[in-house]
Structures are given as structure tokens and as C-alpha cells.
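Going from the sequence shown to the working numbering is simple: count from 1 and add 27.
For each residue, glycine too, the CB sits at the ideal point set by N, CA and C.
Keep in mind the model is a prediction, meaning the values are calculated, not measured.
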Amino acid sequence: MSGRGPAGASPSLVVPGRRLGGLLLLACFPGCVSYAPDPLDPPVELRLLLERPATAIAQAPAGPWSTGWFPVAAELVPGDGLSLAEANAIALFHSPEVRASRAEAGVAGAQVLQAGLLANPELFLGPRISTQDSKLIFPAGISWDVPLWGTRSAARDLAEARRDELALRALEVEVETLGRVRESYARLSRLQKEEEVLAAVATASDRLVTWVEGLQRAGGVDSVSSFLARAERDEAAIELEQVRRATTTVRRELFLLLGLLPNAAVSPVFDVASSTTPELPPASTEALLQRPSLKAAEAAYAAADATLRREIARQYPTFRLGPEFESDRGESSLGIGLGISLPWFDRNQGGIAAAELARAAARDRYRTELLAASHAEARARDDLEAAQRLLEIHNRGAVPAAEQAAQTLTTRLEAGRADVLEILTAQRAIARVRTRALEIEEQLMVARVRAAVAGGLAWEGSAAATNEEKRP
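This is the structure we're talking about:
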């Protein structure tokens, strides 16, 4: 006897089977990530929000934007007011819109790790019992997809293009946020100066009421003049309160943009960086085409093209290949197994047609984005030119006349030769001229920033593009 009966064959099958099972178990769980709970604690989240203004920022976020347009502080020094550069640094760290766009880009970046990988091999274990003599037959096999037709490269190109698109969208959100921060500072600066003008008007109105009441008691004016003076005083107080309310509103909108609580213990301060900008270069086609929104639309088209390549590859047969093993009553055999999907009923024609239409739509979206960017820059430049003309007209005529009228009015008041109605009219006109000049200066600043962002001119080194092709 050869000793290959059931009693002799059992150990030779069981022991290798246990070893094989242990090896398979170890092979199934290498590098697995375990779950770690991270519960949300609302009081802790609120405390972290409260700490944001006082949290030191040790390193300025890197970005391709020009520091002349968007200065960013290297560190945050709490307690001495919030400069434009410090506000920009806070926005890049804590702005809800910036954080949301970066999170989407991060998710897309993580998906690149998975894209284009081979599918996990499939292991087959199928012990069977022979119907002839009830002996154990032990077949086993392992197979995996054969990478053909460019499916893996198309999937990876798709994931990378999607990652690039969202990263560029995030950059566009960052630049738009920095632009809105600068606009908020321009508006707050204008409101602060306007409040000073209206506070002076309110003080002058109080003095005027006192003077008119004295004249009325002496019989120099009637009750109509007294009423006009008091009405002017009340109107000046109302306008002053409206400006203060507008300041509070803009300040809180700025804090929301920065990711700070509404009553954060910081106050914007205005320096040279917040009141000046570089000269706006001429329009440049090269600079416009480098806008993040256009580059993102370009990446979206690349993603649509990769999707089409993937769908075309899916119409072809798929192959699975791998070795096979079988043990039958102590005799072992090895072989190669090949599986082929036969595309008889589904050749993925619907997926291909949808991908072709999606690619055409992506091209249209790029053109739409280019059209919108061109119009946005043109509109901002039109606003800038209009504001420059208004400011020139205002500074040439109304502002000098208002200053001269203010001096003349002061002289007449000191000499007691001013008429009440004349005082009221002049006081109102002078205040209107001064506040109008402040509004035009704000419009000038906002239009210049918007034109730079829309035309792709707010980037580091973009001024070098001014010698390139100029657009009408």
C-alpha cells in the first residue's frame, strides 16, 4: 500500500490548508486604516471661534497673487488693530468660503490616490466532494483584471484633471475673498471719513440752533428760521446715525468673511497699504487667459476628455487572468485561467454618447467663462474710467468751491452777517460735496481692484505682461 488512503491524506491537506488560510488572512488586511471617533463638541467649537482673532499666525499663506494688490502679513499681532495685511492672512486661514473650497480640492486630491489602480485580485476557494467515492477535491484560483485599452490611464487622468480643476477653483475663491476684504476696507475707510464730516455738520448744526434761538429771542428772526435750524440739526443727527449703522453692518460682514464672530475683539485699522494700490496695467490677453477660473474651466475640459477616453475603453472586452490549482485525492494540478467579457449586448454606446456631449458642454462652459471674464474686466475698467473722470471734475470744480465757501461762511458767521437760510444751504452743500468726493474715491479703489482681478493682472509678475498683446 502507498499510504494514500483517507487516514494518510488528511494531514497533508489540513496542515497546508491551515497555513494557506493564515497567509490569506494576513494578506487581506495589510495597511488597513482603523476607525478613530472624533465627536463634535459645540462648546469647544465656540471656544475655538472665540480664540481666532488672538491666535498667532506664524507663517503667511503662500499664493501667486501680487503683494502690492493683496498684502498678507507674515504673522498676526493681536491687540494693535487689524491691518489689511493681517485681515488677508486671517481670511486665507479662516474664511468659510476659502476653507470649503480647499476641502473640496483636498477630497479630489485624495481620490487621485485611488484612481487608475488595478482592481483587487479575486481569490476562489471551492472545496468539493466527489460523488463517486466521497473524496475531497480542493480547487483554488486567483485572478485579476488585465489592464488593456488605456482604462487605467484615463481614470487617473480624469482624477488628476478634477483635482486640478478644484484646486484652481479654490485659488479663484482665495483671490475673490482677498478682493472683497480690500473692498470692505475701502468702504470702512470711506464711512469713517464720512462720519467725521457728518459729525462736524452735526456739531455746526447744534451751534446754529443755539445762535438762531438767541436771535429769535432778540427778535432778529421768526419761528420759521428756528424751525429750519432745528430740522437741519435733526437731519444731520439722523444721517450721522445712519453712517454709524452702515459702519457696523460692513464691519460685521467683514468679520463673517474673515471667519470671525460678530463681536470679535479686533478693530480694522487703515494704513498706506489699505489706501493705495499699484497702477493698473493695460489689458493683456495673456494675463486674462491665466485667470484661475479660466484655468479651472480648462481643467474641467481635460476631465471631460478623459471621461470620454474611459467610456470608449469600456466598450472593449475585459480580461481576467490568473493561475489555478486543484488537489484531487492527493494529486495536484496547476493551470492558467482566462476570463473574457463578451460585449454582445452592451457596447457602452450610451456612455460614449453622454461623454461626447459632456465634453462639448465643457468646451461651451470654457467659452462662457472666457466671455464672462472679458465682460467683467471691461465693466470694471469702464467703472474705473468713469470714477476717474468724476473725481477729476469734482476736484477741479466742486471741492475747491466747497472749501472756499466754507471759509467764507465761517467769516460771515464770525462777523454776524450770515442769513439763516444761506447758512443751512451752504452747510448742506459743503457736506454733500465732501461725502461725494469720498464715495468717488471708494468707487475708484473698488473698480481698480476688480479690474485687476478680472483681467488676471493681480498676480505676481503679471505687470511684465503689459508689453504683450494689448486687447482693445
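Inset, instruction - Identify, in the order they occur along the chain, each residue of the same chain with its Cβ nearer than 6 Å to the Cβ of residue 461, setting aside the five sequence neighbours on each side. - result: Cβ neighbours of residue 461 within its own chain (closer than 6 Å, five residues either side excluded): 224.
Legend entry - Among 125, 100, 233, the one whose alpha carbon lies nearest that of residue 114: Looking at the Cα atoms, 100 is the closest of the given residues.
Legend entry - Given 8 Å, three or more beta-carbon pairs between the region 310 to 320 and the region 177 to 186: Because the criterion of three Cβ pairs below 8 Å is not met, the region 310 to 320 and the region 177 to 186 do not touch.
Inset, instruction - Report yes or no: do the region 223 to 237 and the region 143 to 150 share at least 3 C-beta pairs separated by less than 8 Å? - result: These segments do not touch.
Legend entry - Under the three-state DSSP convention, the category residue 166 falls into: Residue 166 falls in the strand class under three-state DSSP.
Legend entry - Buried/exposed call for residue 261, threshold 16 Cβ in 10 Å: Exposed.
Legend entry - DSSP state of residue 102 mapped onto helix, strand, coil: Here residue 102 sits in coil by DSSP.
Inset, instruction - Could you tell me the distance, in whole angstroms, from the CA atom of residue 109 to the CA atom of residue 245? - result: Using only the alpha carbons, I get a separation of about 53 Å.
Inset, instruction - Whole angstroms is fine: what's the gap from residue 276's alpha carbon to residue 473's? - result: Roughly 18 Å between the two C-alpha positions.
Legend entry - Inter-residue Cα distance where the pair is residue 378 and residue 336: If I take the Cα positions, the gap works out to 11 Å.
Legend entry - Per DSSP, the bridge partner or partners of residue 92: Paired residue(s): 486.
Legend entry - Continuous beta strand (DSSP E) stretch holding residue 151: start and end: Counted as a single uninterrupted DSSP element, the beta strand (DSSP E) harbouring residue 151 occupies residues 149 to 152.
Legend entry - Beta-carbon proximity list for residue 253, same chain, < 6 Å, skipping 5 on both sides: The beta carbon of residue 253 lies closer than 6 Å to those of 239, 243 in the same chain, with the five residues before and after it left out.
Inset, instruction - Quickly, what does DSSP pair residue 295 with across the bridge? List them, please. - result: Residue 295 is bridged to 109.
Legend entry - First and last residue of the uninterrupted beta strand (DSSP E) at residue 6: Only positions 28 to 499 of the chain appear in this structure, which leaves residue 6 out of reach.
Legend entry - When 325, 410, 212 are compared against residue 394, the one with the closest alpha-carbon: The shortest Cα separation from residue 394 among 325, 410, 212 belongs to 325.
Inset, instruction - Helix, strand or coil for residue 351, going by three-state DSSP, please let me know. - result: Here residue 351 carries a strand assignment [DSSP, helix/strand/coil].
Inset, instruction - Could you tell me if residue 328 is buried or exposed, where buried requires 16 or more neighbouring beta carbons within 10 angstroms of its beta carbon? - result: Looking at its Cβ environment, which holds 16 or more other Cβ atoms inside 10 Å, residue 328 is buried.
Inset, instruction - Report all residues from its chain with a CB closer than 7 Å to the CB of residue 112; omit the five preceding and five following residues, and keep chain order. - result: Correct list, in chain order: 98, 99, 100, 300.
Inset, instruction - Label residue 212 either buried or exposed according to how many other C-beta atoms from any shown protein chain fall within 10 Å of its C-beta, with 16 as the threshold for buried. - result: When all chains shown are included, residue 212 counts as buried.
Inset, instruction - Would you identify the three-state DSSP class for residue 97, choosing helix, strand or coil? - result: Here residue 97 sits in coil by DSSP.
Legend entry - Within the region 174 to 224, ranges of the beta strand (DSSP E) (whole runs, at least 3 residues): Fully enclosed beta strand (DSSP E) runs of 3 or longer: not present.
Inset, instruction - Return helix, strand or coil for residue 371, following the three-state DSSP convention. - result: When DSSP states are grouped into helix, strand and coil, residue 371 belongs to the coil group.
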